[in-house]
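Undergrad: Protein sequence lines, in the order shown, are assigned to chains A and B.
Mapping of the first sequence onto my numbering: residues 292 to 398, in sequence order.
Mapping of the second sequence onto my numbering: residues 292 to 398, in sequence order.
Protein chains: 2
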Amino acid sequence: MKENISGCSVEEAMRLIGGRWRMLLVSFLLEGPRRFNQLRRDVPNISQRMLTLELRALEEAGLVLRTVYPEVPVRVEYSLTPDGRRLEKIVEVLKEFGLWLKARPAA
Amino acid sequence: MKENISGCSVEEAMRLIGGRWRMLLVSFLLEGPRRFNQLRRDVPNISQRMLTLELRALEEAGLVLRTVYPEVPVRVEYSLTPDGRRLEKIVEVLKEFGLWLKARPAA
DNA sequence: CCGCATCCGAAACGATACTG
DNA sequence: CAGTATCGTTTCGGATGCGG
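This is the structure:
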C-alpha cells in the first residue's frame, strides 16, 4: 500500500479533526483557556456528553491540555498545547470558507 | 439563536467538507478532471458506494461538476467548479498538517 | 464503464438522569 | 462545577448483487 502519497495525509488529518465539534472547540480555545461550562455556552448546541468526549479525544491526541485546580468547587481549565496551536491555520481557512458558504447565493 | 458568531462558520464548513473522503477526493480533482474508476484507483480504500455518494454530495453542493459523455461505453468525468476550487487552500493546509501529524514523535 | 439497491454492522451524536 | 451512565436515533461505511 503506497501510504506516502500526499492525499493520505489529508485523510489522516480529517480523521483527527473531522467531526462536527472538534474544530469549533479549538476555535474557541485559540482565544485562551476555557472552563467546561464556558465551552458549553460558547457552543450552545453541543451536548454535555459530546463536549466531554471531544475534549478527551483532543487531550489524548496531545492537542489540548486539561488542568484541574483542586478548589471547592473544583475548577477545570482546557487549553491548547503547542501542538494544538498548529490547528490555528486550519481554523482560519475554515472560518473564511464557512463565511463565504453562508454568503453565497446558490445554496 | 445567535448564528452569526464566527465559530458557527467553522461548524458549517465542517458539516460540508467533513467526513473521511470528501477532501481526499477534492485533493485529486484539484489536479484535473477524473473519471469514476480513476478515482477508485486514486483512493484505493473507498468503496464504490461511498465514491458515488460523496461525489453526488459534492455535486449537490455545487463544488463538483459531473459530465456524461454519451459514448459507448459511457464516459463520466468529474471536475471542480469554480466554487470547488475555493477548497484548494483548505486542502493545502490539511495536507501540511497531516504530514506533520505522521512525522511527529508522540503518537 | 458507471453506477444503483439492499442489507447490515459500526460509529457518531443526542436526551435524560444521576454523581462527587 | 464538571462530569458518568444509559439509552435511542441517525449517519457512516462496507459487502454483495443487479442493470443500462
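We treat Cβ as the ideally placed atom computed from N, Cα and C, and that holds for glycine.
With distances taken between CB atoms, is the gap from L385(A) to V301(B) smaller than 8 Å?
TA: Contact: yes.
Undergrad: Helix, strand or coil for T358(B)? Go by DSSP, reduced to three states.
TA: Reduced to three states, the DSSP call for T358(B) is strand.
Undergrad: Taking CB distances under 8 Å as the criterion, tell me whether S370(A) reaches chain B.
TA: It does not; no Cβ of chain B falls within 8 Å.
Undergrad: Write down the C-beta distance between L349(B) and S370(B) rounded to the nearest angstrom, noting that I regard them as a contact closer than 8 Å.
TA: No, L349(B) and S370(B) are not in contact; Cβ-Cβ is about 11 Å, not under 8 Å.
Undergrad: Assess contact between the stretch 320-327 of chain A and the stretch 359-375 of chain A, defined as three or more Cβ pairs (one per stretch) separated by less than 8 Å. Is contact present?
TA: Because the criterion of three Cβ pairs below 8 Å is met, the stretch 320-327 of chain A and the stretch 359-375 of chain A touch.
Undergrad: In terms of residues, what are the limits of the alpha helix (DSSP H) holding V334(B)?
TA: Per DSSP, V334(B) belongs to no alpha helix (DSSP H) and is neither H nor E.
Undergrad: With a threshold of 7 Å on Cβ separation, who are the neighbours of M341(B) within its own chain once the five nearest residues in sequence on each side are excluded?
TA: Result list for M341(B): W312, in chain order.
Undergrad: What are the start and end residues of the alpha helix (DSSP H) that includes I365(A)?
TA: For the record, residue 365(A) in the displayed sequence is Val; it is not Ile. Looking at the DSSP string, V365(A) is not in any alpha helix (DSSP H), and its letter there is neither H nor E.
Undergrad: Round the Cβ separation of L316(B) and V334(B) to the nearest angstrom and send it over; I've been treating them as touching at under 8 Å.
TA: Yes, L316(B) and V334(B) are in contact; Cβ-Cβ is about 7 Å, under 8 Å.
Undergrad: List the residues of chain A whose Cβ lies closer than 7 Å to the Cβ of F388(B), in chain order.
TA: Simply A304, R377 and I381.
Undergrad: Would you say G358(B) and V367(B) are within 8 Å of each other, going by their C-beta atoms?
TA: It is Thr, not Gly, that sits at residue 358(B) in the sequence shown. Yes, they are a contact pair.
Undergrad: In chain order, what residues of the stretch 310-325 of chain B put their CB closer than 7 Å to some CB of chain A?
TA: The residues in question are G310, R311, M314, L315, S318 and F319.
Undergrad: Answer yes or no: do M305(A) and M314(B) have a C-beta to C-beta separation smaller than 8 Å?
TA: Yes, the pair counts as a contact, with Cβ atoms nearer than the cut-off.
Undergrad: Per DSSP, what are the beta-bridge partners of L371(A) in this structure?
TA: In DSSP, L371(A) forms a bridge with V355(A).
Undergrad: Tell me, please, whether the CB atom of S338(B) is closer than 8 Å to any CB atom in chain A?
TA: Answer no: the Cβ-Cβ gap between S338(B) and chain A never drops below 8 Å.
Undergrad: Taking only beta-carbon atoms, is L342(B) less than 8 Å away from chain A?
TA: So, not an interface residue.
Undergrad: State the DSSP-derived secondary structure class of R313(B), mapped to helix, strand or coil.
TA: Helix.
Undergrad: Using a 10 Å radius around the Cβ and a threshold of 16 neighbouring Cβ atoms, would you call E303(A) buried or exposed?
TA: It counts as buried.
Undergrad: So is V355(B) in contact with chain A if we call contact Cβ pairs under 8 Å?
TA: So, not an interface residue.
Undergrad: Output the distance between the C-alpha atoms of G309(A) and L330(A), rounded to the nearest integer angstrom.
TA: Straight-line Cα distance between these residues: approximately 19 Å.
Undergrad: In chain A, which residues lie with their C-beta within 8 Å of the C-beta of L405(B)?
TA: Residue 405(B) lies beyond the residue range present for chain B, which begins at 292 and ends at 398; the question has no answer from this structure.
Undergrad: Consult DSSP for R395(B) and reduce its assignment to one of helix, strand or coil.
TA: In this structure, R395(B) counts as coil in the three-state DSSP scheme.
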